[in-house]
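A short write-up of the structure that comes next.
Residue numbers (my numbering): 1499 to 1599.
Here's what the structure looks like:
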């Protein structure tokens, strides 16, 4: 009997397979817990994780860490990116359809 062909994942619309290193980092962060917006010890520890991730991404991309913004998902990221572009000369630009790709 022949072995099954290797799986090729082509549907990155809503999700992508995690790299093992990313999964390990996420599990470590989830085990720590804490809300990065809280001022108590657990919150401050969570904030340190977020800021460390921000610095690492900035270093990898050559960006200023202050320019790295984390969002909860694509809708929030799109709104954050497009909001300034939709106001032209003090007037809001609206459209019925937005194509992103």
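Just so it is clear, CB atoms sit at the ideal spot from N, CA and C, and this is done for glycine as well. Quick caveat, the model's predicted, so the values are computed rather than measured.
For residue 1567, no alpha helix (DSSP H) segment is defined, and its DSSP state is neither H nor E.
Contact annotation, residue 1548 with residue 1534: C-beta distance approximately 5 Å; criterion of less than 8 Å satisfied. In this structure, residue 1544 sits near residue 1531, with a CB-CB distance shorter than 9 Å. Between residue 1575 and residue 1566, the CB-CB gap reaches or exceeds 9 Å. If you draw a straight line from the Cα of residue 1528 to the Cα of residue 1515, it comes to about 18 Å.
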